[in-house]
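Enquirer: The structure's right below; bear with me while I get my questions together.
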Amino acid sequence: PELPPDCRIRYLQAEQQVRHTRRGRWAVAELGLNDAGDGGRVALKAGEVIVMQGNIMHVGQTRATSHLNFGARQIGASAAFGMPVWRALERQGWTTQTLRGQNVRVRGVASLGRPARVLVDDVSSITFAE
Numbered sequence: 596p597e598l599p600p601d602c603r604i605r606y607l608q609a610e611q612q613v614r615h616t617r618r619g620r621w622a623v624a625e626l627g628l629n630d631a632g633d634g635g636r637v638a639l640k641a642g643e644v645i646v647m648q649g650n651i652m653h654v655g656q657t658r659a660t661s662h663l664n665f666g667a668r669q670i671g672a673s674a675a676f677g678m679p680v681w682r683a684l685e686r687q688g689w690t691t692q693t694l695r696g697q698n699v700r701v702r703g704v705a706s707l708g709r710p711a712r713v714l715v716d717d718v719s720s721i722t723f724a725e
């Protein structure tokens with residue numbers, strides 16, 4: 596079955612409501628929002644779906660992957676995604692320069708690495724924080 600077109604918007608609205616009322620995963624600090632500047636904490640959750648938030652310090656790119664880097668080098672986490680997600684960000688008007696300093700919330704699977712990272716598979720998994 597196909598998801599309704601406004602599915603992602605409805606999901607984010609529901610997340611915001613339970614986050615503010617501290618229900619579900621948001622009731623337990625260890626399950627809620629993760630600080631993107633703390634790569635060690637992200638690494639401990641490798642293999643889990645997590646939500647992290649932080650200010651983008653640097654945007655890195657290779658031929659196949661883009662990285663939003665958070666926190667101090669070797670300490671902060673990173674969000675990693677392929678070219679389809681990067682192209683979607685560009686269509687929204689974002690560049691490596693304009694993303695720098697932005698406070699974003701990222702949803703994805705935590706993964707080990709240097710730095711620890713959250714693997715993102717869709718541009719809707721990157722939202723600009725309130």
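For the sequence shown, my numbering begins at 596 and goes up steadily by one.
By construction, the Cβ of each residue, glycine as well, lies at the ideal position given by its N, Cα and C atoms.
1. To the nearest angstrom, report how far apart R636 and N629 are at their CA atoms.
2. Compare the C-beta of L663 against all C-beta atoms of chain D and say whether one is closer than 8 Å.
3. Leaving aside the five residues before and after S673 along the sequence, list all residues of the same chain whose C-beta is less than 6 Å from its C-beta, in chain order.
4. Is the beta carbon of G642 within less than 7 Å of some heavy atom of the ligand FMN?
5. Exposed or buried, G655, counting other C-beta atoms within 10 Å across all chains shown (16 or more means buried)?
6. Does DSSP put V715 in a helix, a strand or coil?
Expert: According to the structure shown:
1. 8 Å
2. In the displayed structure, chain D is absent; only one protein chain is listed.
3. Excluding sequence neighbours, S673 sits near H662, N664, P710, R712.
4. Absent from the structure shown: the ligand FMN. Ligands present: none.
5. exposed
6. Residue state for V715 is assigned as coil, using DSSP reduced to three classes.
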